[in-house]
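Everything in the sequence shown is counted per our numbering, starting at 408 for the first residue and increasing by one.
Here a beta-carbon is modelled for each residue, glycine too, at the ideal position from N, C-alpha and C.
In this text the structure is predicted, and so the values were computed from the model without any measurement.
Here's the structure, in structure tokens; my notes come after.
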Amino acid sequence: MPKERAFAINASPAEIYAAIERDLQEADQHQGDTFAVLHRDPPRSIDLRVTIGGVSCWLTYCLHARDDYTEVVGTVTPYGWKYAFFKTITFGMRDQGFEVALIEGLANLKAEVEGTGLVEIGADDDGLPSEQ
């Protein structure tokens, strides 16, 4: 089941898209192993296949220019037999880890582009990003 979150980032879509591309270049040694770029539509969207906790997922970032910020909508969709097995053994009750990973990724993108500190959401947190 897809998980979707949106963040307002104080930058242009081109600046945000460039930051995503930089992150992908830094992780280039893992391309094909933990992620793959499926489709690029600069500076509007990028579609990826990623691995989160051993589970294959589709990850999409869509960038929508607004008057004084860009709305970045992230969608993560887990799929495959590992995800089906995980959903079965947890009775579908432990899906929030994918949503947490999406929120952390968007928060870190925002922090990188806006020049603030990166955030980390830990298992013992209340679910709200905190500066590290």
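Nearest residue (CA-CA) to residue i, options the options
i: Glu519; options: Arg429, Glu411, Arg447 and Thr497; result: Arg429
i: Phe442; options: Ala418, Val483 and Thr497; result: Val483
i: Ser419; options: Ala472, Gln436, Met500 and Tyr468; result: Ala472
i: Thr458; options: Cys469, Tyr468, Gly487 and Glu433; result: Gly487
i: Lys410; options: Val507, Ala514 and Leu470; result: Val507
i: Arg451; options: Glu511, Ile427 and Gly512; result: Ile427
DSSP beta-bridge partners of residue i
i: Asp448; result: Ser452
i: Phe414; result: Val479
i: His368; result: The structure shown has nothing for residue 368, since the chain only spans 408 to 539.
i: Leu466; result: Leu455 and Val483
i: Gln438; result: Phe442
Closer than 7 Å: residue i CB and nearest the ligand ADP heavy atom
i: Thr497; result: This structure does not include the ligand ADP; it has no bound ligands of any sort.
Under 8 Å between C-beta atoms of residue i and residue j
i: Leu509; j: Gly481; result: yes
i: Ala421; j: Glu478; result: no
i: Ala415; j: Tyr476; result: yes
i: Phe498; j: Pro485; result: no
i: Leu470; j: Ile423; result: yes
i: Met408; j: Asp502; result: yes
Practice task
Please determine if the region 433–450 and the region 503–521 are in contact, where contact requires at least 3 C-beta pairs separated by less than 8 Å.
Solution key: no
Practice task
Assess, as a yes-or-no matter, whether the region 457–469 is touched by the region 486–499 under the definition of 3 or more beta carbon pairs within less than 8 Å.
Solution key: yes
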